[in-house]
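J.: Quick one: structure below, then a few questions.
Numbering (our numbering), first residue to last: 6 to 265.
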């Protein structure tokens, strides 16, 4: 009798997409993965008309108190903190966003923009530290790679290192959260491995470099710079895997993750 322990079965625990960059997203039962990422994910952004940058919650933390989802006809729908709903791009949406944020902004499509500028802070725990600018990939307002994967084991690892913190998956904004037994950033092992999930094939490329976003407040979560400090101390300030789509397809909650 072979008594070797069988490899654990990995399954998708949660799926998310974020139609408007840095706004809250929508939890999905399934996602369609296309060549450059998740269908409907980060296709829209709020541009500061003053300096031309796409706003993120690094510079504008209030963004995490509005939510976005995709409506009929692939139109982005935004819910502001006061509950008001904005439908698609246009003057009415721009006026409402500008009034909320107190400066002139406009909702723009990544597909219709040149590669766009954003920024992060040199010290992820200090918003007064030097702002460093980078250019996002064209056609989608993602920071680097098009898909972000994480595991529940990684979140448990953070919670073990800093039990007082709220290691809620919403702080980390993955597209795919995988249920994985144990504790530790075990998803690091997936680097350059071919994974088959549902009808899609994915390749995790490298660990995701984290920033002040993980510290930010949002509904139900308080600001907590010790989240990033813990990641910095225990895992080089990184968490989760930046991932590319090797073969488009559909993934659903509960799907098994297999070597591809």
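C-beta atoms are modelled at their ideal positions from N, C-alpha and C, and glycine is treated no differently.
1) Ignore the nearest five residues each way along the sequence and tell me which others in residue 62's own chain have a CB closer than 8 angstroms to its CB.
2) Contact between the region 42–60 and the region 138–147 is defined here as three or more beta-carbon pairs at a separation below 8 angstroms; is this criterion met?
3) On the three-pair Cβ rule with 8 angstroms, is the region 77–95 touching the region 130–143?
4) Between which two residues does the alpha helix (DSSP H) harbouring residue 60 extend?
5) For a test of the three-state rule: what should DSSP assign to residue 218, helix, strand or coil?
6) For residue 42 and residue 24, what's the separation of their Cα atoms in angstroms?
7) On the CB-based measure, 16 or more other CB atoms within 10 Å of its CB, does residue 256 come out buried or exposed?
8) At the level of alpha carbons, what is the spacing between residue 205 and residue 36?
9) For residue 179, count neighbouring C-beta atoms within 10 Å of its own C-beta (all shown protein chains included) and say buried if the count is 16 or more, exposed if not.
10) Skipping 5 residues on each side, what residues in its chain have a beta carbon closer than 6 angstroms to that of residue 121?
11) What number of angstroms, rounded off, separates the C-alpha of residue 242 from the C-alpha of residue 165?
12) In chain order, what are the residue ranges of uninterrupted beta strand (DSSP E) at least 3 long that sit wholly in the region 150–174?
13) Per DSSP, which one or two residues make a beta bridge with residue 126?
14) Could you name the residues of the same chain whose beta carbon sits closer than 7 angstroms to that of residue 111, not counting the 5 residues immediately before and after it, in chain order?
15) Indicate the three-state DSSP secondary structure (helix, strand or coil) for residue 204 in the structure shown.
16) Among residues of its own chain, excluding the 5 on either side of residue 173, which ones have a beta-carbon nearer than 7 angstroms to its beta-carbon?
17) Go ahead and pull the three-state DSSP assignment for residue 247.
18) To the nearest angstrom, how far is the alpha carbon of residue 195 from that of residue 40?
19) Using DSSP bridges, identify the partner residues of residue 34.
T.: In brief:
1) Here residue 62 is taken as the residue at index 57 of the chain shown, counted from 1. Only 27, 68, 69, 218, 221 meet the Cβ criterion.
2) yes
3) no
4) Translated into the one-based positions of the chain shown, residue 60 becomes position 55. Looking at the DSSP string, residue 60 is not in any alpha helix (DSSP H), and its letter there is neither H nor E.
5) In the chain shown, residue 218 corresponds to position 213, counting from 1. The answer is helix: DSSP assigns residue 218 an H, G or I state.
6) Within the chain shown, residue 42 is the residue found at index 37, counting from 1. Within the chain shown, residue 24 is the residue found at index 19, counting from 1. Whole-angstrom Cα-Cα distance: 12 angstroms.
7) The residue given as residue 256 occupies position 251 in the chain shown. Buried, since its Cβ has 16 or more Cβ neighbours within 10 Å.
8) Translated into positions along the chain shown, residue 205 becomes position 200. Translated into positions along the chain shown, residue 36 becomes position 31. Taking the straight line from one Cα to the other gives about 10 angstroms.
9) As a first step, residue 179 must be located in the chain shown, where it is residue number 174. Residue 179 should be labelled buried.
10) The residue labelled residue 121 in the question sits at position 116 within the chain shown. The answer, listed in chain order, is 59, 141.
11) Here residue 242 refers to the residue found at position 237 of the chain shown. Here residue 165 refers to the residue found at position 160 of the chain shown. Answer to the nearest angstrom: the Cα atoms are 16 angstroms apart.
12) 152–156
13) Looking up residue 126 in the chain shown gives position 121. Note: residue 126 sits in a beta bridge opposite 136.
14) Counting from one through the chain shown, the residue named residue 111 turns up at place 106. Cβ within range, chain order: 52, 54, 99.
15) Position 199 of the chain shown, counted from the first residue, corresponds to residue 204. Coil at residue 204, not helix or strand.
16) Position 168 of the chain shown, counted from the start, is the residue given in the question as residue 173. Around residue 173: 226.
17) To locate residue 247, count along the chain shown from 1; it is residue 242. Of the three classes helix, strand and coil, the one that applies to residue 247 here is strand, per DSSP.
18) Numbered from its first residue, the chain shown carries residue 195 at position 190. Numbered from its first residue, the chain shown carries residue 40 at position 35. The straight-line gap from Cα to Cα measures roughly 20 angstroms.
19) Counting from one through the chain shown, the residue named residue 34 turns up at place 29. Beta-bridge pairing links residue 34 to no other residue.
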